[in-house]
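If you read the sequence shown in numbering that gives the first Met the number 0, its first letter stands for residue 0, the second for the next number, and so on.
Note that the Cβ used here is the ideal one computed from N, Cα and C, for glycine as well.
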Amino acid sequence: MSKTGKITFGAVAVLVAVVAIGIFWTLSNLDSIVKSMIEKVGTSVTGTNVSVSSVHISLQDGSGEISGLTIGNPAGFDSDYALRIGKATVALDKASLTSEVIRVTAITVEETTVNAEIKATAGINLRKIMDKLESSEGKSDQEASDEGGTKIVIDRFDLTDSELKLITDVKNYDAKMGDVHVKGIGQSSGGATTREVAVQLLRPVIREAIKAARKEGSKHGIDGLKEGLTDKLKD
C-alpha cells in the first residue's frame with residue numbers, strides 16, 4: 000500500500016472510531032439526554048422550573064418511563080408545584096428510531112396531582128401557565144429549532160385518574176380531574192418539534208385542570224374571596 004493510501008486508510012479508521020465513540024456515548028447517555036431535553040423545553044414553554052426525577056429508555060424493547068415530572072409554580076405562588084406526574088410510560092415504534100421522525104405509539108400518564116392555586120395578590124397559577132403556553136406557539140421556526148430539531152409523532156396520549164387540589168387564601172379543597180386523551184400529534188405535519196409536542200400535550204391538561212378548579216370553586220363560593228377571581232378562572 001502506498002504512503003498516500005495508508006494515510007487515507009488511517010484517516011477513515013479514525014473517523015469511524017470517532018463516529019463509533021459518538022454513537023456509544025449517545026446511547027449510554029440517552030436517559031440523561033432525554034431528561035435534560037424535557038427540562039429545558041418544559042421550562043421554556045411553561046415559564047416555570049420543570050424538573051424530572053428519572054428517565055429510562057430501552058431502545059431494545061421500544062419502551063420508556065419518565066418519573067417525577069414536576070412543573071413548578073409561577074412567581075407569587077406558595078404551593079410546592081403546579082403539576083406533578085408520578086409516572087409516564089412510553090411505547091416507541093422501534094422501526095422509527097433510525098429515521099428522521101420518531102414515532103411514539105402511546106404515552107400513558109398515571110399518578111398526576113395538580114395544585115390549582117388562587118392568590119388574591121397573584122391571581123391563578125394555572126392561568127399564568129396557560130398564557131405562557133399559548134404565547135410559546137408564536138415562537139419563530141428558528142427559535143423553535145434552536146431548542147431541539149428532533150421531529151416526533153405521537154399516536155396517542157392518555158392521562159387518567161388525576162387528583163386536583165384547589166388552594167385558596169382561606170381553605171384547600173380536593174377534587175378529581177377529568178381524563179385527557181390526545182391523538183395524532185405531528186401526524187399531519189410530518190412530525191412535531193419538541194416545543195410543539197410540549198405545548199400540545201400540556202395545553203389540554205392545563206385546560207382540564209382549570210375546568211375542574213372552576214367547578215370545585217363554584218361549589219364552595221370561591222367568587223366571594225376576591226372580586227374578579229372567578230371571572231379569571233372562567234377565561
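Taking 8 Å as the cut-off, decide whether the C-beta atoms of residue i and residue j are in contact.
i           : j           : result
residue 124 : residue 116 : yes
residue 44  : residue 155 : no
residue 163 : residue 121 : no
residue 158 : residue 111 : yes
residue 82  : residue 70  : yes
residue 63  : residue 40  : no
Is residue i near the ligand COA - that is, is its Cβ less than 7 Å away from at least one heavy atom of it?
i           : result
residue 190 : In terms of ligand content, the structure shown is empty, and the ligand COA therefore cannot be addressed.
I believe residue i touches residue j by the beta-carbon criterion, under 8 Å. Please report the beta-carbon distance rounded to the nearest angstrom.
i           : j           : result
residue 103 : residue 152 : 7 Å
residue 119 : residue 160 : Not confirmed; about 31 Å, so no contact.
residue 91  : residue 61  : 4 Å
Under 6 Å Cβ to Cβ from residue i, same chain only, skipping five residues before and after it: list those, please.
i           : result
residue 199 : 184
residue 113 : 82, 163 and 208
residue 108 : 84, 87 and 158
If you draw a straight line from the alpha carbon of residue i to that of residue j, how long is it in whole angstroms?
i           : j           : result
residue 11  : residue 30  : Bear in mind that the predicted position of residue 11 carries a pLDDT of just 48, short of 50, making it too unreliable to give a figure here.
residue 179 : residue 202 : 10 Å
residue 205 : residue 73  : 14 Å
residue 149 : residue 101 : 8 Å
residue 23  : residue 56  : The pLDDT assigned to residue 23 is 35, lower than 50, so where the model puts this residue is not dependable, and the model offers no usable value.
residue 75  : residue 127 : 11 Å
residue 174 : residue 46  : 26 Å
residue 18  : residue 130 : The pLDDT assigned to residue 18 is 39, lower than 50, so where the model puts this residue is not dependable; a value taken from the coordinates is nonetheless given after this. Each residue's alpha carbon lies about 43 Å from the other.
Ordered along the chain, which non-local residues of its own chain (more than five positions away) have a Cβ less than 7 Å from that of residue i?
i           : result
residue 207 : 176, 177 and 179
Going by beta carbon distance, what residues of the same chain come within less than 8 Å of residue i, once the five residues before and after it are set aside?
i          : result
residue 42 : 48 and 49
residue 26 : Because residue 26 sits at a pLDDT of 42, beneath the cut-off of 50, its placement in the model cannot be relied upon, and the point is left open.
Counting only beta-carbon separations shorter than 8 Å, does residue i have a partner in chain C?
i           : result
residue 111 : In the displayed structure, chain C is absent; only one protein chain is listed.
Q | Length at least 3, wholly inside the segment 142-185: the beta strand (DSSP E) runs in chain order | A | Here the runs fully enclosed are 150-158, 162-166, 171-175 and 179-184.
Q: Please go through the segment 24-81 and give each complete alpha helix (DSSP H) segment of 4 or more residues, from N-terminal end onward.
A: Annotation note: the segment 24-81 contains the following uninterrupted alpha helix (DSSP H) runs of length 4 or greater, listed N- to C-terminal: 29-45.
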